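2 protein chains.
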Amino acid sequence: MNLKELSEKLGLSQTTVSRALNGYPEVSEATREKVQLFAKQHNYSPNTRAKGLATGRSHAIGHVIPIANRHEVVNPIFGDFIAGAGEVYAANNFEMVLSIVEDGNEEKVYRAFKTRGTVDGVILHGPRINDERIPLLQEIGLPFVVHGRASGVETDYSWLDVNNRRAFTRATEFLIDLGHRRIGLINGLEDMDFAHRRRLGYEDGLKARGLSIDSFIMRSYEMTESNGYTAAGEMLDSEAPPTAILVSSIITALGTRRAIEDRGLKMGRDVSVVTYDDTLSYLANGIDVPIFTATRSSVRDAGRQLSNLLLAKISDPSRPPDHILLEAELTVGQSTGPAPAT
Amino acid sequence: MNLKELSEKLGLSQTTVSRALNGYPEVSEATREKVQLFAKQHNYSPNTRAKGLATGRSHAIGHVIPIANRHEVVNPIFGDFIAGAGEVYAANNFEMVLSIVEDGNEEKVYRAFKTRGTVDGVILHGPRINDERIPLLQEIGLPFVVHGRASGVETDYSWLDVNNRRAFTRATEFLIDLGHRRIGLINGLEDMDFAHRRRLGYEDGLKARGLSIDSFIMRSYEMTESNGYTAAGEMLDSEAPPTAILVSSIITALGTRRAIEDRGLKMGRDVSVVTYDDTLSYLANGIDVPIFTATRSSVRDAGRQLSNLLLAKISDPSRPPDHILLEAELTVGQSTGPAPAT
DNA sequence: CCTCGCTCCCAAAGCGCTTTGGATATCCTG
DNA sequence: CAGGATATCCAAAGCGCTTTGGGAGCGAGG
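Protein chains in written order, with the working numbering: chain R, 119 to 460; chain F, 119 to 460.
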């Protein structure tokens with residue numbers, strides 16, 4: 119069932135039917151109702167491609183997920199982010215198109231998005247320091263918003279970010295207040311902007327209290343469980359093990375806990391752990407009492423807010439860039455306690 | 119830059135240019151090369167919608183992810199699955215479109231996919247027992263393949279599944295061989311077909327050795343860390359705690375381990391654990407020696423195989439249904455050992 | 001020399017929609 | 001009751017591509 123058939127059966131022109139269905143005022147309420155009812159009965163819905171061809175818009179948003187071929191890790195927070203964004207798209211009749219692409223091939227994909235008209239805009243994930251994708255998208259002229267920020271990028275663009283630096287400063291200070299003097303950091307890859315900021319926040323916290331920075335207990339890895347295990351293990355096995363560790367992801371924190379317990383130590387008593395928690399749906403941080411003391415912010419909610427931002431930008435291209443900075447909350451769980459007496 | 123401009127600049131007709139680019143034989147090699155070179159130089163790529171309109175195909179595959187609004191859990195294996203499928207789509211110039219949809223609204227989405235022509239086919243995720251989506255898709259006439267199977271569905275359809283039943287039988291027997299007589303099960307939701315089969319496999323294993331089935335130590339939940347923790351905790355705190363537990367997901371297994379260690383017990387000595395492992399990239403089961411003894415099969419690889427199947431089916435609709443049954447391998451790790459002496 | 005059969009190319013129709021630029025009928029004003 | 005506004009509808013062009021149905025041009029066979 120297409121527009122032509124529909125209009126023939128209704129005895130109206132395609133123009134009128136189209137207008138009736140799309141809410142244009144040039145059609146009487148009586149006919150509009152008749153048309154809408156009829157369309158619903160024959161469950162007509164316009165062909166996306168034809169509509170897109172005519173309007174020049176695709177009603178779709180692109181998400182490009184780079185897979186580092188070295189380690190092939192799929193970002194586990196991605197699922198929750200798109201769950202949030204997906205809600206918004208569904209409510210606005212937008213489609214979400216996903217491109218899995220090898221690190222470095224992203225430019226090709228973005229250009230193809232533009233020239234082929236696949237999507238009306240993109241959400242940029244995992245911005246790195248000096249991320250070249252931002253100027254690229256600006257050059258291409260594809261509307262975009264960024265989940266995070268990119269230090270070193272001069273131009274203005276829309277973003278939503280968590281105040282990672284402050285979150286990690288607060289977490290560090292919290293541990294210092296508990297008496298910890300030797301605090302380790304197990305960070306994400308520090309070419310990622312969020313990890314970079316977290317490190318700065320951690321250093322801020324140490325410096326503010328006059329503690330020194332020791333690169334031995336400052337690690338940076340892809341955020342997997344096993345990396346958390348290895349990193350924490352190495353720190354704990356060293357001559358001057360930390361009494362507290364700051365971790366960048368709840369997944370890494372699981373590995374950290376395993377390393378602690380493997381050594382017969384107790385988390386929260388012998389070693390304190392504070393993690394960043396994206397509130398992933400399948401990895402809730404405990405039920406009543408949080409397992410981990412954590413700085414947390416919902417990545418799903420970020421998905422919701424950011425996709426709304428992009429839709430607004432698409433419908434009004436002249437809209438100036440938006441900036442949303444969320445503060446992470448610091449919630450105390452069972453993984454932290456006073457520094458053990460020496 | 120579109121076809122028209124391109125052909126004008128080349129001094130050829132649109133027909134010829136189109137044919138040259140799409141590899142039709144009615145054009146000389148000389149002109150084909152000239153055209154292709156020129157197109158590359160001006161980085162021309164055809165408008166997706168226009169091409170789709172003309173051919174009647176979208177070159178896109180749909181993935182519908184239902185979110186149960188009760189618990190809002192995003193399936194964590196999804197990320198790795200689409201990473202595998204995404205590779206295949208990228209290699210075949212297909213797009214992946216994702217729909218996040220509230221449980222129950224899926225019919226609407228599938229119908230829209232068909233009538234709007236959004237996608238050429240779909241991959242069905244998380245089949246349930248008697249899943250109504252399968253007859254629905256057949257009725258609609260949208261090509262599809264299923265990740266898993268649906269017990270109770272009579273008609274034939276293409277699927278790829280792991281032999282969940284045998285995997286769990288083997289795991290159960292493995293534990294029995296180690297001397298365990300009281301073996302718990304922490305399963306996924308048993309309206310999901312894979313969980314149903316796993317339970318059957320578990321029961322098969324017990325029965326074959328003459329062990330009785332106790333529903334108290336047979337649990338079924340959404341596969342989250344905290345559910346694993348709670349379930350294992352309840353079992354361990356009971357009067358007749360199991361000496362071994364079979365777990366349906368590595369995420370749940372993490373919670374199980376936490377419950378064990380919280381009680382001052384040691385996994386692999388006091389309580390053995392065997393888990394199903396989807397080999398998620400960010401939750402690798404140990405580095406050298408596996409943490410968990412596991413029946414495992416790569417969900418990413420499943421994504422690759424299944425998407426290939428669907429593409430084949432789309433390009434040849436008369437192709438009879440394919441069935442791929444993968445066997446999970448049982449790998450021994452540190453989480454299992456002989457049953458403790460009573 | 002004419003015709004047949006290739007090879008290589010083209011004009012134009014068509015995919016299903018939106019939108020421009022009217023046309024027709026109806027309704028008010030003065 | 002004329003004239004202009006207003007409400008309601010329509011024909012046709014156009015979005016960028018593919019594909020049908022030819023049509024030159026050219027060497028070969030009779």
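Where a beta carbon is used, it is the ideal one built from N, C-alpha and C, also for glycine.
It should be emphasised that the depicted structure is a prediction, and the values quoted were computed from it without experimental measurement.
Sort R/Ser125, R/Ala168, R/Ser163 by Cα distance to R/Thr149 and report the nearest one.
R/Ser125
Any 3 or more C-beta pairs closer than 8 Å across the region 338-353 of chain R and the region 370-379 of chain R:
yes
Three-state secondary structure assigned by DSSP to F/Ala208
helix
At least 3 beta-carbon pairs within less than 8 Å: the region 294-306 of chain R vs the region 247-263 of chain R
no
Return the residue from the list F/Arg300, F/Met341, F/Gly297 that minimises the CA-CA distance to F/Phe312.
F/Met341
Other residues of its chain near R/Ala430: CB distance less than 7 Å, five sequence neighbours each side excluded:
Arg437
Runs of 4 residues minimum, wholly inside the region 194-251 of chain F: which ones carry the alpha helix (DSSP H) assignment?
196-209, 224-234
Report buried or exposed for F/Phe212, applying the criterion of at least 16 other Cβ atoms within 10 angstroms of its Cβ.
buried
Can you round the beta-carbon distance between R/Phe286 and R/Gly323 to whole angstroms, since I take them to be within the 8 Å contact cut?
7 Å
Which residues in chain F have a C-beta closer than 7 Å to the C-beta of R/Gly235? List them in chain order.
Asn165, Thr166, Arg167
Assign R/Pro165 to one of two classes, buried (16 or more other C-beta atoms within 10 Å of its C-beta) or exposed (fewer than that).
Residue identity check: residue 165 of chain R is Asn in the sequence provided, not Pro. Counting Cβ neighbours within 10 Å, R/Asn165 comes out buried, since at least 16 surround it.
Figure out for me which residue from F/Tyr228, F/Met310, F/Asn210, F/Arg315 has the closest Cα to the Cα of F/Leu428.
F/Asn210
Determine, using beta carbons only, whether R/Val135 comes closer than 8 Å to chain F.
no
Residues in the same chain with beta-carbon distance under 6 Å from R/Gly270, minus the five sequence neighbours each way, listed in chain order, please.
Ile247, Asn248
If you scan the region 307-381 of chain F from start to end, which runs of the alpha helix (DSSP H) of 4 or more residues do you find wholly inside it?
311-326, 343-354, 368-380
Below 8 Å on C-beta distance, what does R/Phe196 contact in chain F?
Gly197
By Cβ distance below 8 Å, which residues in the same chain neighbour R/Thr273 in space, the five residues on each side in sequence not counted?
Ile252, Pro253, Gln256
Counting contacts by CB-CB distance shorter than 8 Å, is F/Gly239 in contact with chain R?
no
List the whole-angstrom C-beta distance separating R/Val407 from R/Leu364, where the pair is believed to meet the contact cut-off of C-beta under 8 Å.
That belief does not hold up - the Cβ atoms of R/Val407 and R/Leu364 are roughly 20 Å apart, past 8 Å.
Strictly below 7 Å CB to CB, what residues from chain F border R/Ser344?
Ala402, Gly404, Ile405
From this set, F/Ala157, F/Ser217, F/Lys158, F/Tyr142, which residue's C-alpha is nearest R/Ala178's C-alpha?
F/Ser217
Do R/Arg414 and R/Glu445 have their C-beta atoms within less than 8 Å of each other?
no
Determine whether the beta carbon atoms of R/Thr361 and R/Arg300 lie at a separation below 8 Å.
yes
Please name the residues in the region 310-337 of chain R whose beta-carbon is closer than 9 Å to at least one beta-carbon of chain F, in chain order.
none
Alpha carbons only, please: which of R/Asn140, R/Lys232, R/Lys152, R/Gln154 is nearest the one belonging to F/Arg167?
R/Lys232
Throw me the rounded Cβ distance for the F/Ile368 and F/Leu401 pair, which I believe falls under 8 Å.
5 Å
Say whether chain F places a C-beta atom closer than 8 Å to the C-beta of R/Val215.
yes
Who are F/Ile179's beta bridge partners in DSSP?
F/Met214, F/Gly239
Backbone CA spacing between F/Gly404 and F/Thr454 [nearest angstrom]
14 Å
Pick from R/Ser425, R/Met119, R/Ser146: whose alpha carbon is nearest that of R/Ser276?
R/Ser425
I'd like to know if F/Asn210 contacts chain R, where contact means its C-beta is closer than 8 Å to some C-beta of that chain.
no
Boundaries of the beta strand (DSSP E) in which F/Arg414 is found, first to last residue
411-414
Taking C-beta pairs closer than 8 Å, name the residues in chain F that R/Asn161 reaches, listed in chain order.
Arg229, Thr233
In the DSSP assignment, what residue or residues form a beta bridge with F/Leu448?
F/Thr413
Identity of the residues DSSP links to F/Leu303 by a beta bridge
F/Met336, F/Leu364
Sequence-distant residues of its chain with Cβ nearer than 8 Å to F/Lys325 (five each side left out):
Ile331
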